[in-house]
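First comes the structure, then the notes that go with it.
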Amino acid sequence: MSRTDHYPAARPVVQLEFHDVSKGYKAGDVEVPVLIKVNLEVSKGEILVILGPSGSGKTTLLNLAAGIDKPDEGTVVVGSRDLAGLSEDELTRYRRTRVGYVFQFFNLLPTLTAKENVAVALELLERPDDEEVARALHRVGLGGMGDRFPHQLSGGEQQRVAIARAIVKRPALIVADEPTGNLDEETGAEVFKTLTEVNRDAGSTLIIATHDAKARQHADRVMRLKGGKLEEF
């Protein structure tokens, strides 16, 4: 084969798959469907934004991907493993080692400093590492603020601490649930930028669930949850 010949492009490695996933909740005696026959493939390193209003099932989808919840029907596959086939201990290890979660409400411990909040993620794995904590804070632009407590930080800075906590263990998957929901427009834009930049650096897969359509500009792909169905946007 000559140098001018071209090999076919390598197929992206699939990190996460949903196969006909359905999930609902009971309201009294009534079964309320949230997700209906959802099919999804997310490639390693991809940034996927899922749009939808409050109550559309975005959090449910993230919880299924993170192994926090289980589907009523269908399968959620990470790598080559069906999460439903994991024991509770295996699921706990999957969540602690493979998934970083960024919440809307930061969920920082108020009596711990920024660096101590980040360190919690490594302490749960019994591998404390001060250098790794400092590196994570530096990557989100808070290199000089590790000794500050949450009440000494702005909302945007607190969310950056939460992002540092999510990335410090170098997870394969980061899920962000309305990460700008408590922030003003300018600060929210900065948080989206931080999330995507640290993801590009780390090569993690990132799924952002949000009602904020401005997140589209940071995505490799955008989908929308509507009526329990996931569709291309």
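Following this note's numbering, the numbering of the sequence shown begins with 784 at its first residue and continues without gaps.
Backbone N, C-alpha and C fix where the C-beta goes; we use that ideal spot for every residue, glycine too.
For residue i, the residue or residues it bridges with in DSSP
i       : result
Ser937  : Answer is none; Ser937 lacks a bridge partner.
His802  : Thr858
Ser826  : Val797
Pro816  : Gly807
Ile991  : Val832 and Ala959
Arg864  : Val861
Lys853  : DSSP lists no partner for Lys853.
Lys1012 : Lys1009
Val821  : Val804
Arg1004 : Leu831
Own chain partners of residue i with C-beta closer than 6 Å, once the 5 adjacent residues on each side are dropped
i      : result
Ala810 : none
Ile991 : Val832, Ala959 and Ala998
Glu856 : Ser805
Glu800 : Glu824 and Val860
Val923 : Arg943, Ile946, Ala947 and Thr977
Gly929 : Ala897, Lys898 and Leu920
Glu814 : Gly807
Candidates the options: closest to residue i by CA position
i      : options                           : result
Asp984 : Gly868, Ala955 and Ser870         : Ala955
Arg881 : Arg953, Leu823 and Glu968         : Arg953
Gln858 : Ser805, Leu1008 and Thr842        : The sequence as given places Thr at residue 858; Gln does not occur at that position. Ranking the options by Cα distance to Thr858, first place goes to Ser805.
Tyr808 : Ala919, Leu978, Gln798 and Gly838 : Gly838
Pro795 : Phe801, Val825 and His802         : Val825
Pro933 : Val916, Pro911, Asp803 and Asn890 : Asn890
Ala919 : Glu980, Glu871 and Pro836         : Glu980
Thr894 : Tyr877, Glu871, Gln935 and Arg876 : Gln935
Val797 : Gln1000, Thr988 and Leu847        : Thr988
Leu847 : Tyr877, Lys827 and Asp872         : Tyr877
Close-in-space but distant-in-sequence residues of the same chain around residue i (CB under 7 Å, 5 per side omitted)
i      : result
Thr970 : Gly938 and Gly939
Asp913 : none
Tyr884 : Ala849, Ala949 and Val958
Leu908 : Arg879, Thr880 and Lys952
Leu966 : Gly938, Gly939, Gln942 and Val974
Asp995 : Thr963 and Gly971
Gln887 : Asp960, Glu961, Pro962, Gly964 and Asn965
Lys853 : Ala867
Leu845 : Val958, Asp960, Ile990 and Ala992
Residues near residue i in its chain [Cβ-Cβ closer than 8 Å; skip 5 each side]
i      : result
Leu874 : Gly850 and Leu866
His921 : none
Leu925 : Ala897, Glu940, Arg943, Val944 and Ala947
Asn822 : Phe801, His802, Asp803, Val804 and Leu1013
Thr843 : Lys806, Val817, Leu818 and Asp852
Leu905 : Pro911, Asp912, Glu915, Val916, Val951 and Lys952
Gly835 : Lys841, Ala992, His994, Arg1007, Leu1008 and Lys1009
Residue i: CB within 7 Å of a non-hydrogen atom of the ligand ADP
i      : result
Ala848 : In terms of ligand content, the structure shown is empty, and the ligand ADP therefore cannot be addressed.
### Task
Evaluate the contact criterion for the region 813-825 versus the region 1006-1015: three or more CB pairs, one atom per stretch, below 8 Å.
Taking 8 Å as the limit for Cβ pairs, the verdict is that the region 1006-1015 does touch the region 813-825.
### Query
Any contact of the region 858-866 with the region 967-974, i.e. 3+ C-beta pairs under 8 Å?
Verdict: no, contact absent.
#### Entry: Every unbroken alpha helix (DSSP H) inside the region 871-938 [4 residues or more]
Considered as a whole, the region 871-938 harbours 871-881, 897-906 and 913-922 as its complete alpha helix (DSSP H) runs of no fewer than 4 residues, in chain order.
### Query
Are there three or more Cβ pairs, one per stretch, closer than 8 Å when the region 999-1007 is compared with the region 829-840?
With a cut-off of 8 Å on Cβ pairs, the region 999-1007 is in contact with the region 829-840, counting three or more such pairs.
### Query
Are at least three pairs of beta-carbons, each pair with one atom in the region 948-962 and one in the region 897-911, less than 8 Å apart?
Contact between the region 948-962 and the region 897-911 is present, because at least three Cβ pairs lie under 8 Å.
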